[in-house]
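Reading through the structure tokens given below for one structure.
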Amino acid sequence: MPSIKKLLRSVASKFKSRVSNLIQKNPPPSISDVTMVNDSSHFDHCFPPTPKSTPAIVDSDSFDGRDNKPALDDTSKSPSLSPLTSIVPEPSDDTLEGLRQCAEFINSAPTSLSPAPESIKSSSSKVPRGSGSTCDWDDQEPFVTYKHKIIQLCHDLDLGEPSKIERMRGGSFNRVVCLSLPSKDNQDYVLRIPRNLDTNESTRDQVAILHYLAPLMPVPAVVAFDSTSDNVIGRPYILQGKLKGVNAGSVYYDLPSDEKKQFVKLIADIIKKLNNLKIDRPGQLVAGPSIPSISHEPLTIPTDIEVTGYRFSPHDALEVMSSQKNQPLSSLLASIFEERKTVDEDFMDIQWNKLLKITDEMKTAGLFSNNDTDCVVWHWDLTFRNIMVEKQSNGQWTLTGVLDWDGLLSAPSVMTRAPPVWLWIEENDRSSKWHEGLGNNDIQPARELTMEELVLKASFEQILQRADQNYMADAYGRGVWIRRLVKFALEGFGQSSHYIMLQVLVREWEAYYQSLELGSDGLDDDEKLESSSVTRGSNNSNQSSASSTYEYGQEAFETYKLKVAQLFQNIGFGSPSNVERMEGGSFNRVIGLTFPGQSEDRNFVLRIPRVPFEDYELHKLRDQVATLLFLKQFDFLCVPTIEAIDSTVDNAIASQYVLQKKITGKPLGDVFPTLPLAGKLELTTLVARLLIKMEDITFEDPGVLSGAQPLPWVSTSVHQSSSPPVISGFRLNPKTVGPPLRKQGLESLLLNLISERKKDDIMCDNIVSIWNQALDVLKQMEQIGFFKDSDSTNILWNWDICSRHIFIERDDSLTPAVPCSGSTSDATQPPSPDNLGDHNTESEPDINDEASQDPDSQTQATSGGWKVTGIIDWDDVMSVPRVITRVPRTWLWFDDYERTTCWNGVRETPPQRPLTEDELAIKNHFDQIMQQADPNYMNDTYFRGVWIRRLFGFTETGFHDSQHLKDFQKYMREWKNYFDGHVLMKPDRYGADCESDNESE
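Here is the structure:
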């Protein structure tokens, strides 16, 4: 066994070597360097500038530089050694204390290798790496002599004398030369030569990967290669055809928007193709045994790819981890961290243990999905610099090739989904945190995106989301945390910035994890809803609502479904012939069940709270069922039929549940995008008729629809009742319900709600002050005539009705109807803001149009060849004045996938881009039908109603976090501008009485 002193010397020597290598890769600035750049005394050696036309998105997880670019001339430079290499303490004695001292020094050393302080950084003076000069690679032969060896290599390959030899800008790991060969019709070829043989990057692997990808997409065609150094240039090489076209980044940012959208589709298509390449396990893609070491002609053999373990260093092909089997992502990351911890000689157990702890906590928090076992091909350096394009004569851009496939990986798709931010914003607009190297594309831009950038971003996301419903969650939700872990799994702690990144990750993850309160009972539904507006925002599709358990830390479906089957045997339903997972929501797990019947199968849906209700929450389940039982009498709603309920946890699944019959048809949101405009207008008419009929369901008092059934409630034969539900008060917090309210005017209702909130917050002076401001707004609304006598009528409000909750199907017995307005030209125009307080009956249209007739004879809402087959998700239904319910139904004419990621679900917020002609046609058609049914519709929806609903929303959510306060401050600013600028400047309307009084005086 080696002595401790010998071990210490080995560790110190290894540390010196590591520091030396690090400094060679990132040499410290010298005065001569600074002067040479731009005669400036400021210096930043980390990030090179590039022209505006060429993107300089240098991702922190991008391991290679740029190929296929003109180079600078070679110069020579000898990087100075860091003082750290000379001050590593030598062990003075053969003791464990010496080992401890050396380990402590090594653990503290990375902080001495931090990036340059701000005082010596400048955005205008940066030295480029990978510029094609030999100054960065000491052992690189000058090009002037090296090119003669290249000429000889061409002769050795029987290619003849090249007519042109031109140096191109290479990357950090490859020298790149362009050749023109008369023997090949003067076509251009690219010779790629590794700069450093110590990396042991296998040329065979690179060739095998290009051979594997060639049928899928345009990649460089390999003409010849040699993975040995037994040739005239003394190094491995690959000779490949030069791709046509230009580097995408050199043209993209100067293009008009319509051409940029072509690039968006090209990039999305590349990613979709890679996502369709499934690999059976995670790891590094390498050449199989049939790939030769040398070939002087293109390969004609079948593709041969194998998967090994990931590399310990992205740049060292020899140090490879153990091969991994197909397994859950949490298990994969944990095994990698454990292996790195075992083999790491730098006494970094603390760092690896922190990462293992975070992995375990992410698993507890439900961030990992069962689908994370599926692996896809990952081009981790897919950026504009590696994409070649060409403009065709018809003005269309085409993809001519994708470069830089070195080190290709197989990985779960969530690892690959860092947003391609370079597709919608340039590097100069990235945040300082990104520039400092503390993150990658998951770090969002420092400024708000422009309209054009938002459209590009939304277009890309829409394509990927439609290809995989989990994309948005993988890109912007759970995936952000997972990829921060993945960075350490793949790179380790090879750079000083990794230590900083770990500190930031630990701090931010701890704050996030604590906010989940997983150690307590957790947030209930109402607490979760408090962070949204009155519209709840549950139709915000920027985050996938896919039925994946990663968000909820639940039992895997494969074992859970066995308990479900046992449940139905226990309650007398028999054994289901099929148990399937269905797409659930934020608060309910949803399972489909099929039972064999005498004539046909019976299909049901089981809804299970994701977190079992506490005693004080049991009313939620009862209220949901009681509401559905009451609404069953309205045939046109087609609400689900309740078959069974259990408000206890004394059953096989240890949770409350509701069983209901499955509704036929498809969600409106799935059908609508597939139709031409005429078909969309038919469905728009269908939805409008449905909403008009829903407005006829009225209640005496305002409040929340509740049940009166005693708890606990357990029944497998639920009695269908048409008894009206109890109308309870509005909820102040998860455990407190406000007093019941009687029928009253809207101004009085808002006054009572604000006063009740103010009383509940009496111990917090600043919140009381905010409620007083809300009361001032209420008085001003009354002053300018916002409220009407008709506002005392309360109607049914399903605040979450949207395209995914309305089910439809074709009805062949119906004759398609001609839409009321087939174009935008005949649509009803919004009333003038000058008439906000008026109720002018003379302007009411003649309501004889087909669209405005109340089809009472129909048991289902129909239009053209479509009918409504059901409406789901009736949780927390309310009775409120009509104006509160008239939220713009933007989900009909604007795809939520095009909303920005910061959209909070408030439908009063207009889309971030102008509507297209078709979208305008749909919106105007819908508004016309609604306006014909009620002349107050446009005013309620787009004018006075916007202000009233926003104020009502604050009475629903209260002020429980900083976002609520920010929203209210914004509301007050906007209301003041409206009231002062639009209202007080109309003395003819609002000051008439005052003027009369003054005249009389």
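Residues in the sequence shown are numbered from 507 upward in steps of one, following our numbering.
Just so it is clear, CB atoms sit at the ideal spot from N, CA and C, and this is done for glycine as well.
Taking the Cα of L1112 as reference, the smallest distance to any Cα among L1124, G1091 and E1123 is reached at G1091. Taking a cut-off of 8 Å for Cβ pairs, the stretch 1218-1236 and the stretch 1397-1404 do not touch, as fewer than three such pairs fall below it. In the DSSP assignment, D1176 falls outside any beta strand (DSSP E) and within the unbroken alpha helix (DSSP H) covering L1174 to V1177. Listed in chain order, the non-local C-beta contacts of V1383 below 6 Å within the same chain comprise T1133, L1211 and N1304, local neighbours out to five positions each way being set aside. Nearest in C-alpha terms to T814, of all of G794, G755, N1442 and G1175, is G794. Within the DSSP bridge table, the entry for K778 names no partner. Rounded to whole angstroms, the separation of the alpha carbons of H1125 and K1265 is 25 Å. Here M1384 is bridged, per DSSP, to V1210 and W1303.
L1302 and W1453 have their alpha carbons spaced roughly 21 Å apart. Between C881 and G913, the alpha-carbon positions lie close to 16 Å from each other. Beta-bridge annotation (DSSP): F1458 is not paired with any residue. For the pair T734 and S965, the Cα-to-Cα distance works out to about 46 Å. Taking the C-beta atoms as reference points, D732 is found nearer than 8 Å to Y743. F1101 is bridged by DSSP to R1108. In its chain, beyond the 5 residues on either side, L1183 have a beta carbon closer than 6 Å to the beta carbon of D1424.
When secondary structure is reduced to three states using DSSP, Y816 falls in the coil class, being assigned neither helix nor strand. Counting the other Cβ atoms within 10 Å of the Cβ of G1487 gives fewer than 16, which makes it exposed. Residue range W1372 to I1377 is occupied by the beta strand (DSSP E) that includes I1377.
Distances from the alpha-carbon of I1312 to those of C1144, P1231, L1426 and L1247 put C1144 closest.
Distance from the CA of T1299 to the CA of E1206, rounded to the nearest whole angstrom, comes to 7 Å. If you ignore the 5 residues before and after D1129, its C-beta comes within less than 7 Å of the C-beta of L1211, S1212 and G1213, all in its own chain and listed in chain order. Here T904 carries a strand assignment [DSSP, helix/strand/coil].
One thing to note: P804 has its Cβ no nearer than 8 Å to the Cβ of V725. Its Cα nearest to that of L783, the residue A720 stands out among A720, D850, I1428 and I864. Judged by DSSP in its simplified three-state form, D1152 adopts strand.
With respect to the C-alpha of W903, the residue from M978, H802, V883 and V752 having the closest C-alpha is V752. Cα atoms of E1253 and L1238: separation of roughly 19 Å, rounded to the nearest angstrom.
Less than 8 Å divides the Cβ of I785 from the Cβ of S916. Cβ-Cβ distances below 6 Å link V961 to R1419 in the same chain, with the five nearest sequence neighbours on each side left out; the list follows chain order. In this structure the stretch 1075-1085 touches the stretch 1098-1106; the number of beta carbon pairs closer than 8 Å is three or more. With the rule of 3 Cβ pairs closer than 8 Å, the stretch 877-894 does not count as touching the stretch 682-699. Separation of the CB atoms of S1385 and P1208 is rounded to 6 Å, and the pair is thereby assigned contact status at 8 Å. Beyond the five residues adjoining it in sequence on each side, R1388 comes within less than 6 Å, by CB distance, of I1301 in the same chain, given in chain order. DSSP, reduced to helix, strand and coil, places N737 outside both helices and strands of the structure shown, so it counts as coil.
The shortest C-alpha to C-alpha distance from W884 to any of R787, N781, M854 and G872 is the one to N781.
Closest in alpha carbon position to T922, among Y977, L716 and V908, is Y977.
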